[in-house]
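Under the working numbering, residues 1056 to 1237 are what the sequence shown spells out, in order. Here is the structure we will look at, set down as structure tokens.
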Amino acid sequence: MKKRENKKPNSIIVMSAVIVLATLAIGVLLIFMPFLNNRRSLRASILNERDRNVLLGTVRALDKHLKVYEDRVPEGRGVSWLLNEVSNMAAKEKIEVSSIKPGSPEDRGSYTKLYVTLDTISDYHKLGKFIASIESSGKFLKVEDIKIKRLDFEGDFKEDESDFSAFDAKGHIVISTFVLKE
1056 MKKRENKKPN SIIVMSAVIV LATLAIGVLL IFMPFLNNRR SLRASILNER
1106 DRNVLLGTVR ALDKHLKVYE DRVPEGRGVS WLLNEVSNMA AKEKIEVSSI
1156 KPGSPEDRGS YTKLYVTLDT ISDYHKLGKF IASIESSGKF LKVEDIKIKR
1206 LDFEGDFKED ESDFSAFDAK GHIVISTFVL KE
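Pasting the structure below:
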């Protein structure tokens, strides 16, 4: 039997294979991997920017809605302003106010809650118009509580001695609003 001769691999082929593998390794490490990481960071940036744009759109929409209501919340007004507003509305609707009592202001962060308590006498329809004018006023006014009782249900009512009829109503109304602090 003949011995096989151990042939040495061709050095040019080996060198070429080493150079090709080194070039591929360098290409992957120095070119492909940085671009892959850059692509991931760009994708994250795009998603963050998209979320930011959605939030900005929401804020702009809310800002438009707030501008509509901005004039409805008075700034730096006190209980005397609320008393004046309610008295003028009552006079406009021809409601007789037997007593009006201011409430103490309540602190609510950047707002102050003001309220007044009214005791009124009028017919039912005028009282309804008065309450409707309060609820639909240009400022944020709210009827917190209302109690209505016909005058003839009270024991001391005498129709012949009064300017009111037995079917007129006596109302106890609590009206509130919020004002911005200065």
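Just so you know, even glycine gets a beta-carbon here, dropped at the ideal spot from N, CA and C.
- According to the DSSP assignment, V1114 belongs to no beta strand (DSSP E) but to the alpha helix (DSSP H) extending over M1088 to E1125.
- As for any alpha helix (DSSP H) of minimum length 4 sitting wholly inside the stretch 1119-1207, the runs are 1134-1147 and 1179-1190, ordered along the chain.
- About 6 Å separates the beta carbons of E1151 and T1175, which is inside the 8 Å limit, making them a contact pair.
- Distance from the CA of R1105 to the CA of Y1124, rounded to the nearest whole angstrom, comes to 29 Å.
- Within the model, the alpha-carbon separation for F1233 versus M1144 is close to 18 Å.
- Closest in C-alpha terms to K1147, from the list L1079, H1227 and S1188, comes S1188.
- Non-local C-beta neighbours of S1231 in its own chain, meaning closer than 7 Å and more than five positions away in sequence, comprise K1168, L1169, Y1170, K1197 and E1199, ordered along the chain.
- Per DSSP, the unbroken alpha helix (DSSP H) holding L1076 starts and ends at S1066 to G1082.
- Between the alpha carbons of A1072 and A1080 lies a gap of roughly 12 Å.
- By alpha-carbon distance to I1203, the top candidate from K1194, G1193, E1190 and H1180 is H1180.
- Bridge pairing for K1225: I1176 and K1204 [DSSP].
- Scanning I1155, L1121 and G1131 for the CA closest to the CA of N1139 turns up I1155.
- As the crow flies, the alpha-carbon of G1133 is around 28 Å from that of L1117.
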